[in-house]
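Below is one structure, written out as structure tokens; the observations come after it.
Residue numbers (this note's numbering): 20 to 191.
Below is the structure:
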């Protein structure tokens with residue numbers, strides 16, 4: 020702050036790091052403060068149609084998710100997804116990751132059909148862009164398996180867990 024001032028991308032990047040430290044140490048209130056300040060700086064300097072802004076919205080959504088404020092989290096995840104779609108398109112691993120974040124929230128909310136829709140889209144993108152032997156694809160399969168477990172569809176859950184396990188074994 021002393022070197023660059025508050026209205027600087029370097030300062031915003033520092034806030035992003037402080038957000039992560041606070042978030043992973045469980046201090047959500049502090050993490051919320053850091054990410055809200057970061058969002059305002061990015062909004063002012065780079066505008067709302069920037070990947071940094073989308074990333075910051077995703078961070079804010081993650082905090083609200085962790086705090087149990089699911090509807091606020093959902094709105095922010097959707098906003099971040101729309102920005103990514105506009106800027107980088109739908110066929111990127113980053114976009115798929117954002118869909119995955121929203122799907123996990125939907126799972127927690129018991130909105131399984133919506134979660135399934137997002138996970139299937141993300142899975143297809145990851146498979147196409149990164150291939151079937153990529154750890155991100157393995158993670159995507161495990162998320163689908165978890166969803167089907169929650170839905171009580173154990174045969175599909177087993178199928179996806181076994182497929183993910185095969186990928187895991189190839190990574191060793």
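In this text, a Cβ means the ideal position worked out from N, Cα and C, and glycines have one as well.
Using 8 Å for Cβ pairs, my map puts residue 38 next to residue 30. What's the rounded Cβ distance?
That pair is no contact at about 13 Å.
When the Cα of residue 70 is compared with those of 85, 186, 108, which residue comes out closest?
It is 108.
Simplified DSSP assignment, three categories, for residue 69:
Three-state DSSP puts residue 69 in coil, outside helix and strand.
Can you tell me where the alpha helix (DSSP H) with residue 28 in it begins and where it stops?
Per DSSP, the continuous alpha helix (DSSP H) segment holding residue 28 begins and ends at 28-43.
Nearest-angstrom Cβ-Cβ length linking residue 131 and residue 166, presumed shorter than 8 Å:
Their Cβ separation, rounded to whole angstroms, is 7 Å, which keeps residue 131 and residue 166 in contact under 8 Å.
Give me, in chain order, the residues of the same chain whose beta-carbon lies closer than 8 Å to that of residue 60; leave out the 5 immediate sequence neighbours on both sides.
Correct list, in chain order: 25, 26, 27, 28, 30, 31, 34.
Assuming residue 118 and residue 137 are in contact, meaning their beta carbons sit under 8 Å apart, how far apart are those beta carbons, in whole angstroms?
5 Å between Cβ atoms; contact.
I need the straight-line Cα distance from residue 148 to residue 96, nearest angstrom please.
The alpha-carbon atoms of residue 148 and residue 96 are separated by roughly 22 Å.
Considering only the beta carbon of each residue, do residue 89 and residue 124 sit closer than 8 Å?
For residue 89 and residue 124, yes; Cβs fall inside 8 Å.
Report all residues from its chain with a CB closer than 8 Å to the CB of residue 53; omit the five preceding and five following residues, and keep chain order.
The answer, listed in chain order, is 34, 35, 37, 38, 41.
Through-space distance from residue 155 to residue 46, alpha-carbon basis:
Whole-angstrom Cα-Cα distance: 28 Å.
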